[in-house]
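Here is the structure we will look at, set down as structure tokens.
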Amino acid sequence: MQKENAADAQSAPTTRLRHRKRQTDVNPGTGKPNGSHLLVNDRNKYKSFLIRAYSTVWMIGGFSVIVYMGHLYITAMVVVIQIFMARELFNLLRKTHEDRQLPGFRILNWHFFFTAMLFVYGRILSQRLANTVTPDKVLYRLVSGLIKYHMAICYSLYISGFVWFILTLKKKMYKYQFGQYAWTHMILIVVFTQSSFTVANIFEGIFWFLLPASLIVIDDIFAYIFGFFFGRTPLIKLSPKKTWEGFIGASVTTMISAFLLANIMGRFQWLTCPREDLSTGWLHCDPGPLFKPETYALPGWILKWVVPLQFPWEEISVLPVQWHSLCLGLFASIIAPFGGFFASGFKRAFKIKDFGDSIPGHGGITDRMDCQMVMAVFAYIYHQSFVVSQSLSVEKILEQVITSLTLEEQQALFMKLGQMLQERL
Amino acid sequence: MEEESGSSSSSTPIVRLRHRKRSNEVIPEEDKAGESRLLVNDRTKYKSFLVRTYSTLWMIGGFVVIVYMGHLYITAMVVVIQIYMAKELFNLLRRAHEDKCLPWFRLLNWHFFFTAMLFVYGRILSQRLANTVTADKFLYRLVSGLIKYHMAICYFLYIIGFMWFILSLKKKMYKYQFGQYAWTHMILIIVFTQSAFTVANIFEGIFWFLLPASLIIINDIFAYIFGFFFGRTPLIKLSPKKTWEGFIGASVTTIISAFLLADILGRFPWLTCPRQDLSTGWLHCDPGPLFKPEPFTLPAWIPEWFPWKEIMVLPVQWHALCLGLFASIIAPFGGFFASGFKRAFKIKDFGDSIPGHGGITDRMDCQSTPRISKL
């Protein structure tokens, strides 16, 4: 996470890949007394603060531009981030000596990467792709065929990679090759699970991507700020620069901002409407009951407290989604940091300083994404379990029945529904 | 695969776990001349043949009994096999020294195992479980609630395991613990992917489980037999006892038996009907167009003396040919993978539960690939 990288802030903002071997082999010194690790006592902290702030502003700026441009561009950004993460992680446990004897072995990694991408994005975007090409007969038949045999295609690609792997096994390199094979699988699973859930969230409505991501960013930033000014008590041995003050301050801030941010974001149709196809135009839809404001009269004890301060509102209007975002905020502040601890422990176990150095002051892409990954998976599962069921209504289901089912299937549905209701009565 | 374990057949049929350390650490000597390794020339081969045959008969016998008993019992058998496979594989890369410093670390593996089982079987069997409890109002509501929040429950359990892992990280043990964590995930993925597809196949109709499994067994047995009598040319450096004669002979036999077996198996509703709930009674259903015989005119190049001009073919037999092709050509790669793996980590067998064959994983390695392909 960010505090680990304060020491390499000395390097110039434009770090070249040549430096990577030197930086990544530095062992974090665990022998020093705990006090000198805390950010409060670090004299170089102001310089590192500026570099980090500079990179942060650029990242947030670029991110906002892409969100403005839409679902397809955000997905493209996610794919690009994925490729860079996979590359960082593939390169992490390579050993150049063995690699020289195994030409073409690296390509196998990218073959599995491509297969995983086809599988994951094919499943998520197949329906939307079909919706995009409905006007054109040829494309529609091609796409429907691909979707029908999608799983078989991906499986054949995987099996060909598997067979290729076995045929390239070389005497005395077995252990290295099997290790690399397992490592490749683990990387692809970690990278693709979270990116597939991220993309699924995006197409349900940019809100469900933007809110969790923002909460993680806020949690990160405020943990750094609270640690910068107030940090005294170390939090966990794995990350010696994290403090309880930073953790608690960030948790409270994150939950409050979750509540407020959901209100702000929930007012934009661009963010709340799901995208049913792969177009890039403006969206208009009925956002559903979650985003319609409901008025709550402020309870008596708050009124007594704020009326003397000339607080103008006696009731507040709350979008129901704000209660959901409180849960998201709770998760982001309590559980998501464990993603960062995992990454710290991993780096310590394999004696590397950072996963890469693409981002000055922050390390590599994986360093930034470690908490986002845990959050993206939670956001998707939360959305599927607790939000989707609430936003269903008779009209929405009818609409789906009319558009997606054939006449025979509709009749079968009608019969089954009739039977079920008769049994209940 | 089987040929590798030939030398461990000298142990008694009742193998104790105490022997495992000794037999696992024998490193196959690769310096011997290729010739002396082929099964044709192995003088002790008749004794090992008997031991293997004995175990094979027991395994096939037990298998047949369970298939007769039904879908739920086959699923239970799959679950039991899974548990043993996972136990073998979990124990494979343990190091006793590190484990002494990490109490409860083994429990974490089983926590993830339980979570994976809940997730995988919950997804596959949820609809059928709901169909079983429709009669009882209270159970139905309970089961529907569990199904609705199934993914959230499993995710919650996984996150607990994840946090437990991070909180149990001990200085100087990081690398071992991360390695074990990754190893656990790989094992669970391999074991559960193939068992999930197996169970899904079973409930679509026992036929779709029995046919692929039988084809692999037939392929194995005939590769061994052809290698026993005719094997001369080594097939792949990874498994020095496999030969091209065995491979080709087994492929032809497997494809032919696929065609014939599909015909035999396709005539029983017990095997071809899907099971929509978790009951255990007899099944009656309309098996569908795949299992209705259609007349097939033999092509003109068949000689005049052949008695039948038309044969009744179930359409499913053509599908069975594809399965047979896959079983004979690709599935052995599962065995090669296991051989390479054992060679890489210098172990003789995954375990020794089955005399003459090694552990459960040694038997199931080829079964993994066709399972998944079936779906």
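Residue numbers (numbering that gives the first Met the number 0), protein chains in the order written: chain A, 0 to 424; chain B, 0 to 374. C-beta: ideal position from N, C-alpha, C; glycine also. Since this is a predicted model, take the numbers as computed values, not measurements.
If you measure between the beta carbons of residue i and residue j, is that distance less than 8 Å?
i                 : j                 : result
Met185 of chain A : Met150 of chain B : no
Phe332 of chain B : Val162 of chain A : yes
Thr253 of chain B : Ala181 of chain B : no
Ser238 of chain A : Phe340 of chain A : yes
Ala378 of chain A : Leu318 of chain A : no
Ile215 of chain A : Cys370 of chain A : yes
Ala261 of chain A : Val189 of chain A : no
Leu71 of chain A  : Leu277 of chain A : yes
Leu214 of chain B : Leu322 of chain B : yes
Val190 of chain B : Met76 of chain B  : no
Phe221 of chain A : Arg274 of chain A : no
Leu210 of chain B : Leu128 of chain B : no
Tyr157 of chain B : Thr197 of chain B : no
Thr271 of chain B : Pro294 of chain B : no
Ile364 of chain A : Ile152 of chain A : no
Leu187 of chain A : Ala75 of chain A  : no
Thr242 of chain A : Thr232 of chain A : yes
Phe83 of chain A  : Asn108 of chain A : no
Phe206 of chain B : Ala249 of chain B : no
Val386 of chain A : Thr192 of chain A : no
Gly355 of chain A : Glu87 of chain A  : yes
Phe258 of chain B : Ala337 of chain B : no
Thr279 of chain A : Gly144 of chain A : no
Pro268 of chain B : Leu282 of chain B : yes
So residue i packs on residue j, CB below 8 Å; how close in whole Å?
i                 : j                 : result
Leu101 of chain A : Leu237 of chain B : That belief does not hold up - the Cβ atoms of Leu101 of chain A and Leu237 of chain B are roughly 16 Å apart, past 8 Å.
Ser194 of chain A : Val77 of chain A  : 5 Å
Leu325 of chain A : Met254 of chain A : 6 Å
Phe104 of chain A : Gly339 of chain B : At roughly 14 Å, the Cβ-Cβ gap does not stay under 8 Å, so Phe104 of chain A and Gly339 of chain B are not in contact.
Val373 of chain A : Phe349 of chain A : Contact doesn't hold; Cβ gap of about 20 Å is too wide.
Gly265 of chain A : Phe206 of chain A : 7 Å
Pro419 of chain B : Leu297 of chain B : This structure gives no information on residue 419 of chain B, because the portion of chain B shown stretches from 0 to 374.
Ile333 of chain A : Ser250 of chain A : 7 Å
Arg274 of chain B : His70 of chain B  : 5 Å
Glu244 of chain A : Phe225 of chain A : 6 Å
Ser316 of chain A : Glu293 of chain A : 7 Å
Asp366 of chain A : Ala342 of chain A : 7 Å
Leu107 of chain B : Gly160 of chain B : 6 Å
Phe112 of chain A : Ala85 of chain A  : 6 Å
Comparing C-alpha positions only, which one of the options sits nearest to residue i?
i                 : options                                   : result
Gly287 of chain A : A:Ala199, A:Leu270 and A:Leu277           : A:Leu270
Phe267 of chain A : A:Ser332, A:Phe258, A:Ser256 and A:Trp281 : A:Trp281
Trp103 of chain B : B:Trp269, B:Leu297 and B:Ser167           : B:Ser167
Phe118 of chain B : B:Leu106, B:Cys153, B:Asn108 and B:Thr279 : B:Cys153
Ile217 of chain B : B:Phe48, B:Thr55, B:Tyr45 and B:Ser47     : B:Thr55
Pro239 of chain B : B:Phe111, B:Leu187, B:Arg342 and B:Val64  : B:Arg342
Arg122 of chain A : A:Phe196, A:Ile351 and A:Ile80            : A:Phe196
Gly175 of chain A : A:Leu92, A:Thr279 and A:Leu416            : What sits at residue 175 of chain A in the sequence shown is Tyr, not Gly. Residue A:Leu92 is the option with its Cα nearest to Tyr175 of chain A.
Ser278 of chain B : B:Ile73, B:Leu49 and B:Lys99              : B:Ile73
Glu87 of chain B  : B:Thr183, B:Asp262, B:Gly230 and B:Gln316 : B:Thr183
His110 of chain A : A:Gly160, A:Thr133 and A:Tyr139           : A:Gly160
Lys345 of chain B : B:Asp219, B:Asp262, B:Ile310 and B:Leu91  : B:Leu91
Ile123 of chain B : B:Thr192, B:Gln316, B:Ile82 and B:Tyr45   : B:Thr192
Ile328 of chain B : B:Gly245, B:Leu101 and B:Leu49            : B:Gly245
Gly456 of chain A : A:Arg347, A:Gln383 and A:Tyr120           : Any property of residue 456 of chain A remains undetermined from this structure, which presents chain A solely from 0 to 424.
Can you check DSSP and say which residues form a bridge with residue i?
i                 : result
Glu293 of chain B : B:Val312
Pro211 of chain B : None; Pro211 of chain B has no bridge partner.
Ser250 of chain A : Ser250 of chain A is not bridged to any residue.
Ala129 of chain A : DSSP lists no partner for Ala129 of chain A.
Val317 of chain A : A:Glu293
Pro233 of chain B : B:Thr242
Thr242 of chain A : A:Pro233
Checklist entry - What residues in the stretch 141-155 of chain B bring their beta carbon closer than 8 Å to a beta carbon of chain A? => result Lys147, Tyr148, Met150, Ala151 and Tyr154
Give the residues from the stretch 333-344 of chain B that approach chain A closer than 7 Å (Cβ to any Cβ), ordered along the chain. Phe335, Phe336, Gly339, Phe340, Arg342, Ala343 and Phe344
**Message:** Output needed in chain order: residues of the stretch 330-346 of chain A with a Cβ under 7 Å from some Cβ in chain B.
**Reply:** Ile334, Phe337, Phe340, Phe341, Gly344 and Phe345
* To do: Determine which residues of the stretch 148-162 of chain A have a Cβ less than 8 Å from any Cβ of chain B, and write them out in chain order.
  => Met150, Tyr154, Ile158, Phe161 and Val162
Note to self: So if I threshold CB-CB distances at 7 Å, which residues from the stretch 178-208 of chain B count as touching chain A?
What the structure shows: Ala181, His184 and Met185
Inset, instruction - Output, in sequence order along the chain, the residues in the stretch 238-260 of chain B whose CB is closer than 7 Å to any CB in chain A. - result: none
Using a Cβ-Cβ cut-off of less than 7 Å, give me the residues of the stretch 53-66 of chain A that come near chain B, in sequence order.
none
Residues from the stretch 211-234 of chain B in contact with chain A, defined by Cβ distance under 7 Å: none
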